[in-house]
Amino acid sequence: MDKSQVIKRFLPANTPTPDDQAEAFAASNIALCKYWGKRDRELNLPINPSLSVSLADLGTRTRLTPIEGKKDKIRLNGKVVNGSSSFATKIVEFLDLFRSSKAARLQVDTHNSIPTAAGLASSASGFAALTKAINQLYGFDLDPAIQSAFARMGSGSASRSIFDGFVEWQMGVREDGMDSHAVPFEESWPEFRIGLLTLTEAEKTVGSRSGMQRTLETAHLYQSWPLQACADLEKLKQAIRDRNFEILGQTAEQNALSMHATMIASWPPLLYWQPESVATMQRIWQLRESGVCVYFTMDAGPNIKVLFEAGQQAVIEQTFPQVKVVSPFACQTPVASG
Ligand code: 2P0
Numbered sequence: 066m067d068k069s070q071v072i073k074r075f076l077p078a079n080t081p082t083p084d085d086q087a088e089a090f091a092a093s094n095i096a097l098c099k100y101w102g103k104r105d106r107e108l109n110l111p112i113n114p115s116l117s118v119s120l121a122d123l124g125t126r127t128r129l130t131p132i133e134g135k136k137d138k139i140r141l142n143g144k145v146v147n148g149s150s151s152f153a154t155k156i157v158e159f160l161d162l163f164r165s166s167k168a169a170r171l172q173v174d175t176h177n178s179i180p181t182a183a184g185l186a187s188s189a190s191g192f193a194a195l196t197k198a199i200n201q202l203y204g205f206d207l208d209p210a211i212q213s214a215f216a217r218m219g220s221g222s223a224s225r226s227i228f229d230g231f232v233e234w235q236m237g238v239r240e241d242g243m244d245s246h247a248v249p250f251e252e253s254w255p256e257f258r259i260g261l262l263t264l265t266e267a268e269k270t271v272g273s274r275s276g277m278q279r280t281l282e283t284a285h286l287y288q289s290w291p292l293q294a295c296a297d298l299e300k301l302k303q304a305i306r307d308r309n310f311e312i313l314g315q316t317a318e319q320n321a322l323s324m325h326a327t328m329i330a331s332w333p334p335l336l337y338w339q340p341e342s343v344a345t346m347q348r349i350w351q352l353r354e355s356g357v358c359v360y361f362t363m364d365a366g367p368n369i370k371v372l373f374e375a376g377q378q379a380v381i382e383q384t385f386p387q388v389k390v391v392s393p394f395a396c397q398t399p400v401a402s403g
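Residue numbers (the working numbering): 66 to 403.
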């Protein structure tokens, strides 16, 4: 099914007059149960459900302003982006899903607060912020679950970045994918910490999109992945309900290593690890042996995200002086009663 057909069913027949400006922020997210493999590449429908936690104020802020002229203008972190670059093309193609060919072109100003060197994908927060900004600009007033399904069509992991805190991306079963969207959890976990470790600046040679497709097509080991992901999702949900950090950490670490096992078993092999990645994993396992409750997760790159609770922050900062510690739930203020 074509994504423009799916989206158009939820929009007014004529593109509404846009506001003078719209601006939205979406946080980046780190999956504790990973998304790896698609059952539909046009709509980015996943083979397995996933679960993530958002990265507080690390993410993307995007402003849309209608302009005169025939072409959209894109700026990334204050710098003009070449209109024929893949970055600009992806944004314009996404905007076109929501407006008629006669509608005003837009100035798109997008700022990432994610340290680019940390190798954190900005496509998740990027497409989520863009979806929210489009929703505001045209006054669509779409339900957040629908915004999540739309953001997914830009990039799968963007479906999760529509929400904050712990988030499940339900895989869904419908052909049009409209039941494949994220759902936020009520639970928060103020002591939860994620340590971002930038281990190497080495460029990755294979992106997630083609990497997951290669794994699906060539790794026999991949057959077991959906089963493992579904089991891990349930364990993680229970661990969040129980605030059981050990079970959460164990499950997240094993899930990430299992995903990497399927990548390594692909052909040509996909090994995102660098020597520094392996040394860091071993350092974390040593810390754990010595009684520190610390785990890790990794995405399609060489860098490591350390998982721990506030009580372990001093020892983590001592062990990894370059770590950037994120508190996913620290900014949440309790809702005033009465
Ligand atoms: C995740 N990753 O769950 C997994 C773990 C990378 C490894 O979601 O093709 O950029 O745009 O749907 O969302 C990265 O995949 O891929 C990703 P597309 P996306 O965070």
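Where is the CB? At the ideal position from N, CA and C, for every residue including glycine.
Per DSSP, what kind of secondary structure is E133 in: helix, strand or coil? coil
Considering only C-alpha positions, which residue in the set S226, T265, Y203 is nearest to A210? S226
Short of 8 Å in beta carbon distance, which residues of its chain neighbour S93, apart from the five on each side in sequence? Order them along the chain. S119, L120, L123, G124, T125, I179, L185, A186, S187, A189, S190, S226
Considering only heavy atoms of the ligand 2P0, does any lie closer than 7 Å to the CB of W290? no
Mapping DSSP to helix, strand and coil, what is Q303? Look at Q303 here: in three-state DSSP terms it is helix.
With a cut-off of 8 Å on the beta carbons, I'd call Q387 and V357 a contact; round off their distance for me. That pair is no contact at about 18 Å.
Return yes when the C-beta of D297 is under 7 Å from any heavy atom of the ligand 2P0, and no when it is not. Checking every heavy atom of the ligand 2P0 against the Cβ of D297, none is found closer than 7 Å.
Can you give the Cα-Cα distance for L322 and M363, rounded to whole angstroms? 8 Å
Quick one, which of Q172, L162, R106, L108 has its alpha-carbon nearest G134's? Q172
Using a 10 Å radius around the Cβ and a threshold of 16 neighbouring Cβ atoms, would you call L336 buried or exposed? Exposed is the call here.
Let me check understanding here. Comparing Cα to Cα, which of L372, P255, F75, M324 lies closest to G102? Nearest to G102 by alpha-carbon distance, out of L372, P255, F75, M324, is M324.
Pull up the distance between the alpha-carbon of V400 and that of L76, whole angstroms please. Annotation note: pLDDT 47 at V400 (below 50); position unreliable, coordinate value reported separately. Distance between the alpha carbons of V400 and L76: 33 Å.
Bridge partners of I72, per DSSP? Answer is none; I72 lacks a bridge partner.
Span of the beta strand (DSSP E), counted from its first residue to its last, around Q172: 170-177
K389 (DSSP reduced to helix, strand or coil): strand
Where does the unbroken beta strand (DSSP E) through A247 begin, and where does it stop? 247-249 is the extent of the beta strand (DSSP E) around A247.
Looking at F373: is its Cβ nearer than 8 Å to the Cβ of P255? At a Cβ-Cβ threshold of 8 Å, F373 and P255 do not count as neighbours.
Take L202 as the anchor and find which of R170, G219, S224 has the nearest alpha-carbon. With distances taken between Cα atoms, L202 lies closest to R170.
Mind checking which residues open and close the alpha helix (DSSP H) that includes F361? Premise fails: F361 lies in the beta strand (DSSP E), 360-363, not in any alpha helix (DSSP H).
What residues in its chain sit with their C-beta under 6 Å from that of S224, if we drop five residues either side in the sequence? S213, A216, R217, W234, H246, A247
By the three-class DSSP mapping on this structure, what secondary structure does N94 have? Here N94 sits in strand by DSSP.
How many angstroms separate the CA atom of L108 from the CA atom of G219? 8 Å
Once you ignore the five residues that flank V157 on each side, which residues in its own chain have a CB closer than 6 Å to its CB? D137
Have a look at L141 and M66 and give me their C-alpha separation to the nearest angstrom. Cα to Cα, the separation comes out at about 31 Å.
Tell me whether E299 is buried or exposed, calling it buried when 16 or more other Cβ atoms sit within 10 Å of its Cβ. exposed
A330 - DSSP class collapsed to helix/strand/coil: In the structure shown, A330 sits in coil (DSSP, three-state: anything other than H, G, I, E or B).
Measuring CA to CA, which of R258, R128, N309, T327 is closest to V380? R258
Smallest Cα separation from Q86: which of P131, I112, R74, L116? P131
Considering only the beta carbon of each residue, do I312 and F231 sit closer than 8 Å? no
If I follow the unbroken beta strand (DSSP E) through W101, where does it start and stop? Neither: W101 is in no beta strand (DSSP E) and is coded neither H nor E.
Got a sec, what are the start and stop residues for the alpha helix (DSSP H) F257 sits in? Element bounds for F257: not the alpha helix (DSSP H) but the beta strand (DSSP E), 257-262.
According to DSSP, is P291 helix, strand or coil? helix
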